[in-house]
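Going down the list, the sequences are from chains A and B.
For the first sequence, our numbering puts the final residue at 424, and the numbers step up evenly by one.
For the second sequence, our numbering puts the final residue at 367, and the numbers step up evenly by one.
The beta-carbon is built from N, C-alpha and C at its ideal position, and this holds for glycine as well.
Heads up, the thing below is written out as structure tokens.
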Amino acid sequence: MSDTKGSPPQNLSRRSLLKAGLAAGAVAGSAGAAKAAGDPLITEVQDWNRYLGDGVQARPYGTPSEFESHVVRRDVEWLTASTESSVNFTPLHELDGIITPNGLCFERHHGGISEINPADHRLMINGLVDTPLVFTMEDLKRFPRENRVYFLECAANSGMEWRGSQLNGCQYTHGMVHCVMYTGVPLKLILEEAGIKTNAKWVMPEGADASAMTRSIPMEKALDDCLIAFKMNGEALRPEQGYPLRLVVPGWEGNMWVKWLRRIEVGDEPWHQREETSKYTDLLASGKARRFTWVMDAKSVITSPSPQAPVTHGKGPMVISGVAWSGNGRITRVDVSIDGGRNWKTARIDGPSLPKALHRFYLDIDWDGSDLLIQSRAMDENGYFQPTKNELRAARGENSIYHNNGIQTWYVKADGTVENVEVS
Amino acid sequence: MSKFLKALCLGTALAALPGLAIAGDAAKGEKVFKKCAACHAVGDGARNKVGPQLNEVFGRTAGTAEDYKYSKAMIQAGADGLVWNESTIAAYLAKPKDMIKGTKMAFAGLKKQEDLDNVIAYLASFSSASPAAQDQSSAEPAAAEQTQTADASAAAAPVSATRDGGVFGLGREATEDEIAAWDIDIRPDGTGLPVGSGTVADGEPIYSENCAVCHGDFGEGVGRWPVLAGGHDTLREDRPEKTIGSYWPYLSTVYDYVRRAMPYGNARSLSDDDVYALTAYLLYLNDVVTDEDFELSNENFTDIHLPNEENFIADNRADEEHYAQKGEPCMSDCKPNAVEITMRARILDVTPGSVDDDEAAGVGGVD
């Protein structure tokens, strides 16, 4: 790292600034001092301006700048008994736009990451088909393929917030979502290749991992928009995302997007596998439980400011930014409130607006430096808009774990720090 | 670099280290170690998990890793002079319960000599002591085995086939044996059940050997490992306990899941009869059957119904009130009074390690 002498804390992460007890005023102060003396970053020749940097091939597979080393997936250790059956979270507060970089897509495994040589991978189609088939990866790459951008959200995203605000950071409260462009073959083509029998109503994808993950999917969805994907954001799937092959089930809960996909069985009834009975069923206050709650309803969260992304400037221009998504199609509108949901302003959606993909929104405000209670409320193309958390609790109780798409509130304090709260 | 060359390079590097003249291939051993990783950690910062951490295990007296609670049998073995070296570890890993009767390592054992050699080579790379026993030089020249590193599967280049029929004529027909090997799923109506049987009494020893270390002797769950039994009548309570007996709708799911995914870290290692016996035993732990002689088989399987079967309903989210409020949401003066904070995040700092386990335990899981 280069010597930055008396310059502003250029190479201190936001995190360490926070730890040092930074208040909005401190930044304003140092900027002022620089003004008087002349900013040495400008008045003095910097190392990077004089000496040559690394040449090509110093980084044959590029990685982010060392100054971004804090931008990583993180887990909550006490959540699970073993890291092989666990989850970590996308650092949403550090990202912008709508595409999640591959290395930051959250992970959820049930038996660790399988490392599979694509030459050793097979995909089998069996059950109610005319001809049960086996494909190699090479075979699959000879089918016509498509490119589609989709979000993937774990049904348990925000699951820890059902009983009230728990975790300080949108990475933890909302970070079980990511959005990438997949390249793959429509599942329909693969099924048609084997020939589906007339009584075929369901398919069951199965993973090759140590949990042999399985879920039942109705045939209608399988023939609609599911993909068998081998690329994400242009490059091969990452091992932790199911390399060499995963299922893409647009708009539906992430658990169904079976990774390390090795088999698809066709049947006339659902299988009622462990992940659709013991798990991924939504227990209601009545003691009844909903099953096959596949669609991820419209949802949004403000990613900045948020507890891990405090306001580091004083009053004046401020960008409120966040993401919104719906498993039922496009987001048509996001409203933002700065007074805890009394009054709302429609935010600006910027960037591509694709069905079942993340949408990026911004509200540019002139902050007067007072406390804010910021919220966002997404609306999708069907006119459905996000409920409050209390509306959800009134309908379902507090034991559902899954499908918590309630409106999130962040409390922005005058000193710029931000806290996860609930409001009246 | 080809797999073969890589293996050779690694082999040379290892051989160059003092005292490490062993038959195995550490790189391959790393793969074998996946079978152990559910329970053991090794390497930088390794901590005790279900089993003790395995850094510096060579030369260590059995049962002496710091802060780990061993079985009485393992502590006794250490007191009797058992020290871990290449041959004692090999014997233990081949048949844990044969070597140390009463060990709580719920691991069936490594059957292939190659796997044993390789995992020992891998573990040795985290120990400074020589893997060989101090008093014998058992380092066999195993040149013959090393040449096996030229992996047969690497020779089978990825292939693509075409066939007659289909739309594109891609892929090939699956054989009956192939389908039988992978299609092991079972439906509530019994479709897919293999022929076989097992009793509650048969299941008890299989369970205590393979499952109890994580799920507890009575299915109560050790630490944060899943609870498998109990929780009756808790579904409407503050902290419902969802178990096979209190929550699961179908018995077929138990058989299917245990057969495909358990024991954790050693999946597909149980026989069909073992799984019938375990399923019967789990019914017993959940008070669905009470007779230890009860035998579960493919014949009587669908006669058994779990208590909570009727309490599952279809997705009716659309009937909820807030779904009806479609259209134009309120934009101004939506709440009568100034908004107050009613609750603040309970866990202020989620930085790993900063949260007290016990305090956090009640918070709820990811799923």
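When DSSP states are grouped into helix, strand and coil, Q375 of chain A belongs to the strand group.
In this structure E292 of chain B touches A201 of chain B by the C-beta definition: roughly 5 angstroms separates them, less than 8 angstroms.
Nearest neighbour of Y362 of chain A by Cα position, chosen from A:I196, A:P355 and A:I374, turns out to be A:I374. With respect to N168 of chain A, E398 of chain A sits apart: the two C-beta atoms are not nearer than 8 angstroms. Under the 8 angstroms criterion on CB atoms, F151 of chain A is classed as non-interfacial with respect to chain B. About 23 angstroms separates the CB atoms of V87 of chain A and D96 of chain A; that is not less than 8 angstroms, and the two are not in contact. Interface flag for F312 of chain B against chain A is set, since a Cβ pair is found closer than 8 angstroms.
Per DSSP, reduced to three states, the secondary structure at G340 of chain A is coil, with no helix or strand assignment.
For chain A, the residues of the region 165-187 of chain B that bring a beta carbon within less than 7 angstroms of one of its beta carbons are G165, G166, V167, F168, L170, G171, R172, E173, A174, E178, I179, W182, D183, D185 and R187, in chain order. For C214 of chain B, the enclosing alpha helix (DSSP H) stretches over residues A212 to H215. With respect to Q386 of chain A, R396 of chain A sits apart: the two C-beta atoms are not nearer than 8 angstroms. Measuring C-alpha to C-alpha distances from G327 of chain B to each of A:T332, A:S326 and A:V323 identifies A:T332 as the nearest.
Put simply, the CB of M219 of chain A is far from chain B, with every gap to its CB atoms at 8 angstroms or more. Residue pairing from DSSP places T214 of chain A in a beta bridge opposite A:E206.
Separation of the CB atoms of W294 of chain A and M204 of chain A is rounded to 14 angstroms, and the pair is thereby denied contact status at 8 angstroms. Under DSSP, E173 of chain B shares a beta bridge with A:L133. When only Cα atoms are considered, T64 of chain B and V57 of chain B end up about 10 angstroms apart.
Only residues of its own chain outside the window of five on either side were considered, and among them V289 have a CB closer than 6 angstroms to the CB of L283 of chain B, listed in chain order. Counted as a single uninterrupted DSSP element, the alpha helix (DSSP H) harbouring N390 of chain A occupies residues K389 to R396. The shortest CA-to-CA distance from H215 of chain B to any of B:G109, B:Y264, B:E178 and B:R239 is the one to B:Y264.
Distance from the CA of K112 of chain B to the CA of P96 of chain B, rounded to the nearest whole angstrom, comes to 14 angstroms. Assigned with DSSP and collapsed to three states, P40 of chain A falls in helix. Residue environment analysis places I42 of chain A among the exposed positions, since fewer than 16 neighbouring C-beta atoms fall within 10 angstroms of its C-beta. Here K221 of chain A carries a helix assignment [DSSP, helix/strand/coil]. With fewer than 16 other Cβ atoms inside 10 Å of its own Cβ, E237 of chain B counts as exposed. Looking at the DSSP output, P317 of chain A bridges to A:D366. Excluding the 5 residues flanking it on each side, S165 of chain A has same chain C-beta neighbours closer than 7 angstroms at N420, V421 and E422, in chain order. The shortest CA-to-CA distance from N199 of chain A to any of A:L247, A:P118, A:G406 and A:D130 is the one to A:D130. By the CB criterion at 8 angstroms, R246 of chain A and W257 of chain A fall inside the cutoff. In this structure, DSSP gives V254 of chain B a helical state, which the three-state scheme calls helix.
Annotation note: the region 82-142 of chain A contains the following uninterrupted alpha helix (DSSP H) runs of length 4 or greater, listed N- to C-terminal: 137-140.
With its beta carbon less than 8 angstroms from one in chain B, S278 of chain A belongs to the interface. Listed along the chain, the chain B residues whose CB falls inside 8 angstroms of the CB of H272 of chain A are R187, P188, P249, Y250, S252 and T253. When CB distances to chain A are screened at a threshold of 8 angstroms, the residues of the region 318-341 of chain B falling below it are E320, E321, H322, Y323, Q325, K326, G327, P329, C330, M331, S332, D333, C334, K335, N337, A338, V339, E340 and I341, in chain order. Relative to S127 of chain B, the option among B:V50, B:D44, B:F107 and B:D185 whose CA is nearest is B:D44. In this chain, the beta strand (DSSP E) harbouring G198 of chain B covers S197 to T199.
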